[in-house]
Amino acid sequence: GPLTTADLIANRILRRELGKIDEGAGWLSEENHDNLDRLGMRRIWIVDPIDGTREFVEGLPEFSISVGLVDNGVPVLGGIALPAVNRLVVGGPGLGVRRFEYRTPPQFENTRPSPEEMEDPQSAWLDYRVEEYVESEHALLGRTRAFQLKGTRLLVSRSEHRAGLFEGFEDDFELIPTGSVARKLALLACDEGDLIVSLRPKNEWDTCGGTALVHGINDSRVIELLERRPVVYNQRVTTSIGMVAGNSHLVRQVLDYLDRNDIQPRHSYD
57 GPLTTADLIA
67 NRILRRELGK
77 IDEGAGWLSE
87 ENHDNLDRLG
97 MRRIWIVDPI
107 DGTREFVEGL
117 PEFSISVGLV
127 DNGVPVLGGI
137 ALPAVNRLVV
147 GGPGLGVRRF
157 EYRTPPQFEN
167 TRPSPEEMED
177 PQSAWLDYRV
187 EEYVESEHAL
197 LGRTRAFQLK
207 GTRLLVSRSE
217 HRAGLFEGFE
227 DDFELIPTGS
237 VARKLALLAC
247 DEGDLIVSLR
257 PKNEWDTCGG
267 TALVHGINDS
277 RVIELLERRP
287 VVYNQRVTTS
297 IGMVAGNSHL
307 VRQVLDYLDR
317 NDIQPRHSYD
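When we follow this note's numbering, the leftmost residue of the sequence shown carries the number 57, and every step to the right adds one.
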């Protein structure tokens with residue numbers, strides 16, 4: 057996908073601030089050269105500064121900022137921000153999931169940085185402030201509306217939907233095509249969808265933060281579609297093939313549905 061100045065700025069802010077939280081953790085980000093020293097580290101931050109950059113560039117609100125903390129290959133803490141709607145979703149296994157609404161969005165001190173400021177990761181231009189945020193009173197997070205597959209709210213990729221990969225699914229599901237896989241995982245955790253199915257490859261930074269959120273919900277799973285098992289994070293090869301996420305009962309049912317209809321994951325983005 058495209059790379060924007062916003063990706064680079066978000067990446068610098070995240071690296072600086074997350075480093076203050078856990079200085080000893082490794083780092084894997086879509087926007088940094090991959091330092092394989094991370095493979096010897098137990099804890100690692102896995103970050104996508106903007107997931108859904110194409111939607112961001114097109115002016116669509118379907119993008120997110122995704123952060124996950126991995127311990128020994130397992131996401132233990134996740135945070136996904138949805139800037140277009142001033143929402144932050146945080147949680148993890150054993151922690152539950154919490155949703156916060158920003159009453160005013162984060163404000164940068166200076167909206168016109170010089171080229172030199174852009175290149176300096178310690179620049180004051182990266183300083184920002186959040187006026188106020190409150191925990192939402194409206195979400196009962198993690199509640200699944202149905203255990204029957206018929207009519208289930210199925211979150212799918214906009215690009216995969218446009219490519220015809222879900223042709224015929226509308227007979228059995230309420231299809232919701234939308235951008236950013238991290239955002240879809242956050243929506244699932246907020247009970248704004250029941251299942252996610254993706255047939256194309258995913259990177260660790262796409263799914264790490266959201267996987268922690270979904271695993272903060274009782275009896276919910278995120279699995280790779282090809283291998284039918286949870287992704288082990290902080291690997292040398294950071295891609296996995298396809299994804300299914302949701303309540304365990306629905307995950308089993310949708311896997312059976314895919315098998316019955318001979319729907320296979322794709323090994324490329326074509």
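Glycine is no exception: its CB is placed at the ideal position from the N, C-alpha and C atoms.
Since the model is a prediction, treat every value here as computed from it, not as a measurement.
Among L74, I77, L281 and V288, the one whose alpha carbon lies nearest that of D312: What you label residue 312 is simply residue 256 of the sequence shown in a count that begins at 1. With distances taken between Cα atoms, D312 lies closest to L281.
I65, DSSP secondary structure in three states: Numbered from its first residue, the sequence shown carries residue 65 at position 9. I65: helix per DSSP, three-state reduction.
Cβ contact check for the segment 219 to 234 and the segment 271 to 289: 3 or more pairs under 8 Å: no
Residues of its chain near L221, where Cβ-Cβ distance is below 6 Å and the 5 sequence neighbours each way are ignored: Position 165 of the sequence shown holds residue 221. Answer for L221: L255, listed in chain order.
Chain-order list of residues whose beta-carbon lies under 8 Å from that of L92 (same chain, five-residue window excluded): The count along the sequence shown starts at 1 and reaches residue 92 at position 36. So the list reads R292, once near-sequence residues are dropped.
Close beta carbons around H194, own chain, < 8 Å, minus the five adjacent residues each side: By one-based count along the sequence shown, residue 194 stands at place 138. With a pLDDT of only 42 at H194, under the threshold of 50, the placement of this residue in the model should not be trusted; the figure read from the coordinates follows. Answer for H194: no residue qualifies.
I102 versus A219: straight-line alpha-carbon distance, rounded: Residue 102 sits at position 46 when you count from the first residue of the sequence shown. Residue 219 sits at position 163 when you count from the first residue of the sequence shown. Approximately 29 Å between the Cα atoms of the pair.
Presumed contact (8 Å Cβ cut-off) between V237 and D78, rounded CB distance: Numbered from 1 along the sequence shown, position 181 holds the residue referred to as residue 237. Numbered from 1 along the sequence shown, position 22 holds the residue referred to as residue 78. Actually they do not touch by this definition, with Cβ atoms about 24 Å apart.
C-alpha gap between S304 and L205, whole angstroms: To locate residue 304, count along the sequence shown from 1; it is residue 248. To locate residue 205, count along the sequence shown from 1; it is residue 149. Their Cα atoms are separated by approximately 12 Å.
Delimiting residues of the alpha helix (DSSP H) encompassing T267: To locate residue 267, count along the sequence shown from 1; it is residue 211. E260 to V270 is the extent of the alpha helix (DSSP H) around T267.
Coil, strand or helix - Y313 by DSSP: Taking the first residue of the sequence shown as 1, we reach residue 313 at position 257. Residue state, collapsed to three classes: helix.
Buried or exposed by the 16-neighbour rule on C-beta atoms within 10 Å, applied to G82: What you label residue 82 is simply residue 26 of the sequence shown in a count that begins at 1. The residue in question, G82, is buried, as its Cβ has 16 or more Cβ neighbours within 10 Å.
Endpoints, the alpha helix (DSSP H) within which R143 is located: In the sequence shown, counting from the first residue as 1, residue 143 sits at position 87. Where R143 is concerned, there is no enclosing alpha helix (DSSP H), although the beta strand (DSSP E) it sits in stretches over R143 to G148.
Check whether G147 and V141 have beta carbons under 7 Å apart: Numbered from 1 along the sequence shown, position 91 holds the residue referred to as residue 147. Numbered from 1 along the sequence shown, position 85 holds the residue referred to as residue 141. No, Cβ-Cβ distance for G147 and V141 is not below 7 Å.
Three-way DSSP call (helix, strand, coil) for I77 in this model: What you label residue 77 is simply residue 21 of the sequence shown in a count that begins at 1. Looking at I77 - three-state DSSP - the assignment turns out to be helix.
Inter-residue CB distance, L269 and V145 (contact presumed, cutoff 8 Å): Locating residue 269 in the sequence shown gives position 213, counting from the first residue. Locating residue 145 in the sequence shown gives position 89, counting from the first residue. Going by Cβ atoms, the distance from L269 to V145 rounds to 6 Å, so yes, they are a contact pair.
Distance, L138 Cα to H271 Cα: As a first step, residue 271 must be located in the sequence shown, where it is residue number 215. As a first step, residue 138 must be located in the sequence shown, where it is residue number 82. Spanning the two alpha carbons is a distance of roughly 19 Å.
Where E111 sits in the DSSP three-state scheme: Taking the first residue of the sequence shown as 1, we reach residue 111 at position 55. Looking at E111 - three-state DSSP - the assignment turns out to be helix.
Buried versus exposed, by CB contacts within 10 Å (16 or more), F203: In the sequence shown, counting from the first residue as 1, residue 203 sits at position 147. Exposed: under 16 other Cβ atoms inside 10 Å.
Contacts around P177, its chain only, beta-carbon distance under 6 Å, and the 5 residues preceding and following it disregarded: Translated into the one-based positions of the sequence shown, residue 177 becomes position 121. The pLDDT assigned to P177 is 49, lower than 50, so where the model puts this residue is not dependable; a value taken from the coordinates is nonetheless given after this. Only R68 meet the Cβ criterion.
Sequence-distant residues of the same chain with beta carbon closer than 7 Å to T129, five excluded per side: Within the sequence shown, residue 129 is the residue found at index 73, counting from 1. Residue identity differs from the one stated: residue 129 is Gly in this sequence, not Thr. Closer than 7 Å at Cβ, skipping near neighbours: V288, Y289 and N290.
V249 vs R209 beta-carbon contact at 7 Å: Mapped onto the sequence shown, residue 249 falls at position 193. Mapped onto the sequence shown, residue 209 falls at position 153. In the sequence as presented, Val is not what sits at residue 249; that position holds Gly. Taking 7 Å as the Cβ cut-off, G249 and R209 qualify as a contacting pair.
Residues sharing a beta bridge with M299, DSSP: Counting from one through the sequence shown, the residue named residue 299 turns up at place 243. According to DSSP, which records beta bridges pairwise, M299 is partnered with S254.
Local Cβ density within 10 Å of R98, reported as buried at 16 or more and exposed below that: Counting from 1 along the sequence shown, the entry for residue 98 is found at position 42. It counts as exposed.
Nearest-angstrom Cβ-Cβ length linking A66 and P105, presumed shorter than 8 Å: What you label residue 66 is simply residue 10 of the sequence shown in a count that begins at 1. What you label residue 105 is simply residue 49 of the sequence shown in a count that begins at 1. That belief holds up - the Cβ atoms of A66 and P105 are roughly 4 Å apart, short of 8 Å.
Beta-carbon separation (whole angstroms), S120 vs I136, contact threshold 8 Å: Taking the sequence shown and counting its residues from 1, one reaches residue 120 at position 64. Taking the sequence shown and counting its residues from 1, one reaches residue 136 at position 80. Sure, about 5 Å apart at Cβ, within 8 Å.
Nearest candidate by alpha-carbon position, reference R239, set G134, I297, E226 and T294: Within the sequence shown, numbered from 1, the residue matching residue 239 stands at position 183. Ranking G134, I297, E226 and T294 by Cα distance to R239 puts G134 first.
As assigned by DSSP and simplified to three states, the class of Q320: By one-based count along the sequence shown, residue 320 stands at place 264. In this structure, Q320 counts as coil in the three-state DSSP scheme.
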